[in-house]
Amino acid sequence: MRTCLECSEKLVGREDKKFCSDSCRNAYNNKINKDSNNFMRNVNNKLRKNYRILSELNVDGKSKATKEKMINKGFDFDFFTNILQTKTGNTYYFLYDQGYRSLDNDYYMLVKKEI
Numbered sequence: 006m007r008t009c010l011e012c013s014e015k016l017v018g019r020e021d022k023k024f025c026s027d028s029c030r031n032a033y034n035n036k037i038n039k040d041s042n043n044f045m046r047n048v049n050n051k052l053r054k055n056y057r058i059l060s061e062l063n064v065d066g067k068s069k070a071t072k073e074k075m076i077n078k079g080f081d082f083d084f085f086t087n088i089l090q091t092k093t094g095n096t097y098y099f100l101y102d103q104g105y106r107s108l109d110n111d112y113y114m115l116v117k118k119e120i
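In my numbering, the protein residues as written are 6 to 120.
Shown next as structure tokens:
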């Protein structure tokens, strides 16, 4: 006898059916995919916020912004997803496809990586 992975109700229908309803499927997947602890949740929230700020400041795919402007919007320079070192020695910090690198006089070049 097959039962729903969420509520353990008896399943009727297709042989490969795992849930009795969409609400059980959603509840089960939400439990599995939620952040497992506060630390992860806080880091993910900071990454999302940084990404939103870069997307807002970099509408055209390549622009400049001051450090002060980024900080005033709540940008946290300690949180990024990866670093790219170019052949010319420039270091870009990325949040997924949105990136930035330091320029002179507290300016930052904002770029968007083509996916």
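Ideal placement from N, C-alpha and C gives every residue a C-beta, glycine not left out.
From a predicted model like this one, the values you see are computed outputs, not experimental measurements.
Inter-residue spacing [alpha-carbon to alpha-carbon] between residue i and residue j
i: LEU100; j: LYS36; result: 26 Å
i: GLU14; j: LYS51; result: 39 Å
i: ALA32; j: THR91; result: 44 Å
i: ARG46; j: ASP83; result: 16 Å
i: LEU10; j: SER28; result: 12 Å
i: LYS23; j: ASN87; result: 37 Å
i: SER26; j: ARG19; result: 13 Å
i: ASN77; j: LYS54; result: 13 Å
i: MET75; j: THR96; result: 18 Å
i: ILE120; j: TYR56; result: 15 Å
Three-state secondary structure assigned by DSSP to residue i
i: VAL48; result: helix
i: LYS78; result: coil
i: ASN63; result: coil
i: ASN42; result: coil
i: ILE37; result: helix
i: ILE88; result: strand
i: LYS23; result: coil
Where the beta strand (DSSP E) containing residue i begins and where it ends
i: SER68; result: 67–71
i: TYR97; result: 96–100
i: SER107; result: 103–107
i: MET114; result: 112–117
Sub-8 Å separation of residue i and residue j beta-carbons
i: PHE85; j: ILE58; result: no
i: TYR105; j: LEU115; result: yes
i: LEU16; j: ARG30; result: no
i: GLU73; j: ASP109; result: no
i: LYS5; j: ASN63; result: No statement about residue 5 is possible, as the shown extent of the chain runs from 6 to 120 and does not include it.
i: LYS69; j: TYR113; result: yes
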